[in-house]
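Position one of the sequence shown corresponds to residue 1 (the UniProt record's numbering), numbered consecutively onward.
Cβ atoms here follow ideal geometry from the backbone N, Cα and C, with glycine treated the same way.
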Amino acid sequence: MSQFRLLHTMLRVYDLEKSLDFYTRLLGMKLLRRNDYEGGRFTLAFVGYGDEKDTAVLELTHNWDQAEPYAIGTAYGHIALGVPDIHATCEQLAKEGVKIPRPPGPMKHGTTVIAFIEDPDGYKVELIETK
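The structure is reproduced here in structure tokens:
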């Protein structure tokens with residue numbers, strides 16, 4: 001067994017407050033820590049569903065002087081979250097104005113029910129029903 005483990009995934013975000021609201025209020029993560037780095041003119045905010053000592057989390061990096069939204073790289077895939085009721089989750093997120101480019105339904109060539117939503121910066125988040 002490896003001594004390695006996944007610690008976090010980092011996303012550069014344009015509007016930190018919008019992103020924190022999306023990941024905490026709408027997706028139920030907790031803000032675990034937030035640090036401003038005045039000398040480097042950036043903020044790091046870590047969000048997740050559990051303590052960093054045993055759970056992988058998201059690092060949201062906000063560069064204070066970023067003048068326009070980031071372009072999403074072609075190598076980026078998505079973040080995946082397990083949800084108990086994908087239809088109810090998507091209904092609630094749609095009411096909040098969240099973009100849902102791929103509504104809930106069975107995965108192509110499979111039976112797993114999935115959906116894709118977008119965070120405020122356009123990053124894809126896959127929802128997978130865990131019933």
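Exposure label - residue i; buried when at least 16 CB within 10 Å
i: S19; result: buried
Residue i versus residue j: straight-line alpha-carbon distance, rounded
i: R41; j: R33; result: 17 angstroms
i: T111; j: D15; result: 36 angstroms
i: L93; j: E118; result: 10 angstroms
i: P103; j: I72; result: 21 angstroms
i: L11; j: G97; result: 21 angstroms
i: E59; j: I100; result: 23 angstroms
For residue j and residue i, believed in contact at Cβ under 8 angstroms, the rounded distance
i: N35; j: T43; result: 7 angstroms
i: E129; j: H78; result: Going by Cβ atoms, the distance from E129 to H78 rounds to 16 angstroms, so no, they are not a contact pair.
i: T61; j: V13; result: 7 angstroms
Bounding residues of the alpha helix (DSSP H) (the contiguous stretch that carries residue i)
i: A67; result: Premise fails: A67 is in no alpha helix (DSSP H) and is neither H nor E.
i: E17; result: L16 to L20
Neighbour flag for residue i against chain B, beta carbons, 8 angstroms
i: M107; result: Here there is only one protein chain, and chain B is not present.
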